[in-house]
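K.L.:
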Amino acid sequence: MSFWNHLKTITHHRHLVMQGCFRVGLYWQGLTHDLSKYSPTEFRVGVKYYQGNRSPNWAERNDIGYSTAWIHHKGRNRHHFEYWSDCIPGTATYVPLPMPRRYMVESIMDRIAACKTYNGAAYTDASALEYLLRAAESPGIHRETYAQFEFLLTYLKDHGEKETFRFIRSHVLTGEDFLNL
1289 MSFWNHLKTI
1299 THHRHLVMQG
1309 CFRVGLYWQG
1319 LTHDLSKYSP
1329 TEFRVGVKYY
1339 QGNRSPNWAE
1349 RNDIGYSTAW
1359 IHHKGRNRHH
1369 FEYWSDCIPG
1379 TATYVPLPMP
1389 RRYMVESIMD
1399 RIAACKTYNG
1409 AAYTDASALE
1419 YLLRAAESPG
1429 IHRETYAQFE
1439 FLLTYLKDHG
1449 EKETFRFIRS
1459 HVLTGEDFLN
1469 L
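Residue 1289 is where the sequence shown starts when you use this note's numbering, and the numbers rise one by one after that.
Written out as structure tokens, the structure reads:
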């Protein structure tokens, strides 16, 4: 049963991200979002650790101490800020890099869709912001990217989805310095 439930969950999530991406004009990203979740490396973990109310990657982490599916996923999907890090020459220190706008926006759509998928009827326009603030991701994310996430998710909470997507189309994806508007 977890096979079908996991397939249904990831497909539902992909469709929500696709709808959001289409609404802001990111058609290719909407079509190709999270295809790696159907790969054997990620899908098997999803079936084994399926819970229905959160990512199976957390259950795998709790079981073995890390998530093989997440390691695979973050290295193939540019909408995750973890993809955007590199090593400083001479120091062997990894640092976060700013995300390009289109991937940052896809990440916003991903967060909204994940909250809708896992929160169900309890979802509100504040859910994605609450998750961002609760997750305390700031050490692993570039400060500029974090500021953009926080701004847009606060905008979503305050103005709703329709107005936020309009703002993204007309200001964010045009390259404007939207943080200072």
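Note that CB positions come from ideal geometry on N, CA and C, so glycine has one too.
As the structure is a prediction and not an experimental result, all values here were calculated from the model.
1. Thinking C-alpha only, which one of 1354, 1351, 1356 and 1323 is nearest residue 1366?
2. Closest to residue 1316 by C-alpha separation, out of 1351, 1348, 1333 and 1302, would be which residue?
3. Can you grab the Cα-Cα spacing for the pair residue 1432 / residue 1289, in whole Å?
4. Please report the Cβ distance between residue 1394 and residue 1309, rounded to the nearest whole angstrom; I am assuming they are in contact, meaning their Cβ atoms lie under 8 Å.
5. For a test of the three-state rule: what should DSSP assign to residue 1456, helix, strand or coil?
6. Going by C-alpha distance, which of 1350, 1313, 1311 and 1358 is nearest residue 1331?
7. Have a look at residue 1423 and residue 1434 and give me their C-alpha separation to the nearest angstrom.
8. May I ask which residues mark the beginning and end of the beta strand (DSSP E) holding residue 1384?
9. According to DSSP, is residue 1396 helix, strand or coil?
10. In the DSSP assignment, what are the bridge partners of residue 1375?
11. With distances taken Cα to Cα, identify the nearest neighbour of residue 1325 among 1294, 1339 and 1347.
P.N.:
Per the coordinate set shown:
1. 1323
2. 1302
3. The straight-line gap from Cα to Cα measures roughly 42 Å.
4. With a Cβ gap of about 6 Å, residue 1394 and residue 1309 count as contacting.
5. helix
6. 1358
7. 12 Å
8. For residue 1384, the enclosing beta strand (DSSP E) covers residues 1381-1384.
9. helix
10. Residue 1375 is bridged by DSSP to 1382.
11. 1294
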